[in-house]
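Read the structure below first, then the notes.
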Amino acid sequence: MTGTRWLSAQEQETWRAFLGACNAFFSAVDTQLQHDSGMPHAYYEILVRLSEAPGRSLRMSQLAEATSASKSRASHAVARLEERGWVRRTDCPTDRRGQVAELTEEGFAALADAARGHVEQVRQSLFDALAPEQVIQLRAISEAMIAAGGGRGKMAFPPVCPSEDEPDEAGEAAPAAKARETVPAPSGRL
């Protein structure tokens, strides 16, 4: 067994600067969204993930993973978004053990309304402070951190509810499928 690999003075300063930067950034983003759109950043992230998913729908477990939230936290947030009419939750038609969160037209409109102010805040709080080469470095650093964390933070979108021939999340064949209405793909990235 090896001893603790303590941080060097430079690493300690970098760690504290990184924490401070993250805290300042997410505080500014959350404050702007709350003030201008009446939603916390966590709700905005859910709406974005749903808007980018095929059919604007994700299984609740996929949504939790995509937003790096626990299943209970994602469920609580979706319940609040349902109250606003921005998200609809339904049973997975091919697997009654799963639920699907679907972005409503009202939710997409709320996201579109919030996007301009959010993007401007991200630009002010992050990109305006960086040189173009630093943006490239930040992406590389971020991707290395995601990889070091086991890939958490990147999300591909497999089928929301598997068909009869596709395995479900437990790797088992899905029960008989019934037709599911699909929603057109989003018109653009927000």
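To convert, take the position in the sequence shown, counting from 1, and add 107; that gives the working numbering. From the three backbone atoms N, C-alpha and C, an ideal C-beta is built for every residue, glycine too.
As assigned by DSSP and simplified to three states, the class of residue i
i    : result
R62  : Outside the displayed range of the chain (108 to 297) lies residue 62, so it cannot be described from this structure.
A173 : helix
W113 : coil
G257 : coil
A181 : helix
A208 : strand
L233 : coil
For residue j and residue i, believed in contact at Cβ under 8 Å, the rounded distance
i    : j    : result
P156 : L140 : Looking at the sequence provided, one finds Arg at residue 156 rather than Pro. Not quite, the Cβ-Cβ distance comes to about 15 Å (not below 8 Å), so this is no contact.
L188 : Y150 : 6 Å
Residue i to residue j span [Cα, whole Å]
i    : j    : result
A160 : I153 : 11 Å
L233 : E190 : 32 Å
E209 : R196 : 6 Å
A135 : R204 : 39 Å
P239 : R230 : 13 Å
R166 : L114 : 40 Å
A247 : T109 : 30 Å
H183 : T174 : 13 Å
P200 : Q206 : 9 Å
R112 : W193 : 47 Å
Buried versus exposed call for residue i [16 or more other C-beta atoms within 10 Å across all chains shown]
i    : result
D198 : exposed
S164 : buried
G257 : exposed
M146 : buried
G127 : exposed
Open item on the list: Could you check whether the stretch 109–124 touches the stretch 216–228, counting it as contact only if at least three pairs of C-beta atoms, one from each stretch, sit closer than 8 Å?
Closed with: As far as the Cβ criterion goes, the stretch 109–124 does not touch the stretch 216–228, which means the pair count is below three.
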